[in-house]
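Residue numbers (my numbering): 12 to 297.
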Ligand SMILES: [Zn+2]
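This is how it looks when you write it as structure tokens:
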């Protein structure tokens, strides 16, 4: 098995929204805000090459929205999904599986593109299965008013219409061992219904793709929960459980949204679970 980080393009989000009730005087130490109160955010996806399979976990915002739409998110840097795949020697047609942790636009927008004459949408990965789960799909296609702006129809419905949609099994507890993708999946319900956190066994290490369960290093303290979460009290419990497991088992936490830190490990301290080390994907994947 080989792993590759794939940066689908950096952007910015409002620091207040990213830290919910936490005062700016605290969060700005780890996540400094610009003059508009926006903080740096990455869309760091993960590519898994495993035998004949090439699995892409999440795919950023995509490029089909209007410039007005992207203007709200202040894109920065030169990375795009296509460039990053190319740098590793791949293109979209090579991908056999697109795994979507959840269907918020900044995680799955790259799944869909305009067709050549810009008259209709089509899947951007023509040879891939697209993986979600039944409960999250239902949640996203009949969205509540709170999350409606994050579940864009054009990112979601064309996947089903293409016939490329697949659902993972759902576990009775929060952990699905040995999913159809070959890795374990932790299911978390605080951010959104049935968000999926892949846990990949790689050369004896466990690499966890943290998605929106732990967006940046700054979100390590248990009460530092995003304003976007639909069930924040549940996020507290899920984060505490997961971070304790991570400290007990020395998991490597791959941070999708942290623009400046790729992978971290954590440790138990008297104050709770805290940062142990910051690592680069080069250290761990090569
Ligand atoms: Zn999300």
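Where is the CB? At the ideal position from N, CA and C, for every residue including glycine.
- Shown here, residue 158 sits in coil according to DSSP, grouped into three states, outside any helix or strand.
- The region 195-203 makes contact with the region 224-241, as at least three CB pairs between them are under 8 Å.
- Residue environment: residue 19 is assigned as buried (16 or more neighbouring CB atoms within 10 Å of its CB, all protein chains considered).
- For residue 21 and residue 87, the gap between their C-alpha atoms comes out near 5 Å.
- As DSSP reads the structure, residue 219 sits in a beta bridge with 210, 264.
- Sorting 203, 125, 62, 149 by C-alpha distance to the C-alpha of residue 157 places 203 at the top.
- Shown here for residue 254: same chain residues with a beta carbon closer than 7 Å to its own, the five before and five after excluded, namely 277, 284 in chain order.
- Beta-bridge partners of residue 132 (DSSP): 125.
- The straight-line gap separating the alpha-carbon atoms of residue 212 and residue 194 is approximately 7 Å.
- Judged by beta-carbon spacing, residue 110 lies beyond the 8 Å limit of residue 167, meaning their Cβ atoms are not closer than that value.
- Straight-line spacing of the CA atoms in residue 136 and residue 46 works out to 38 Å.
- In the three-state scheme derived from DSSP, where H, G and I count as helix and E and B as strand, residue 173 is classed as coil.
- For residue 147, the enclosing alpha helix (DSSP H) begins and ends at 145-152.
- A distance criterion of 7 Å places the beta-carbon of residue 84 beyond contact range of ligand 1, judged by its closest non-hydrogen atom.
- Between residue 145 and residue 58, the alpha-carbon positions lie close to 23 Å from each other.
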